[in-house]
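With positions in the sequence shown counted from 1, the corresponding number in this note's numbering is that position plus 2. Note that the Cβ used here is the ideal one computed from N, Cα and C, for glycine as well. Following: one structure in structure tokens, then a few remarks.
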Amino acid sequence: MGRFINMVPTMQQVRSKLFVWGLAPCLISGLLSCSNLSEYGMNAIGVNVTSIGELKPPTNDNEAPVYIQGKVERKVPLLEQQMYQIEDSTGKVWVLTNQKNWKVGDKVVVKALPQYESIPVSGTDLGQVYLEEK
């Protein structure tokens, strides 16, 4: 009977194990939240982020918004809005937005509607896709 009593963990041992196993996930999630998840192939916002190279001209007026993330490369101030050129590893795109506080070099995530501006030159369409934040 004495051997059996030694095998049963004390309440203090149980509490200690629960504390350690409860603390470990909190520490791991805390450390991951402070890191740049894009280095591990994950985006920062938990939604499907479209790479800029995959953007296509909209097929109709009911096009769904897309999320892109990248680095601000250029800024063009307009009267009431701003145009920012955003770049990721697959390409660049212009974004029309009301945001005024982005700076060159900032990493941003944008939810916007794809648009297409046709630029006909000598019978050739030199237009390009841009994004309009709503």
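Beta-carbon spacing of residue i, residue j below 8 Å
i: Ile-70; j: Leu-115; result: no
i: Val-95; j: Leu-57; result: yes
i: Val-74; j: Ile-88; result: yes
i: Tyr-118; j: Pro-60; result: yes
i: Thr-92; j: Ser-124; result: no
Assigned exposure category for residue i - 16 Cβ within 10 Å defines buried
i: Gly-72; result: buried
i: Ile-121; result: exposed
i: Val-106; result: exposed
Alpha-carbon spacing of residue i relative to residue j, whole angstroms
i: Thr-99; j: Glu-135; result: 5 Å
i: Lys-109; j: Asn-103; result: 12 Å
i: Gln-101; j: Leu-80; result: 11 Å
i: Arg-76; j: Asp-90; result: 13 Å
i: Val-51; j: Gln-83; result: 24 Å
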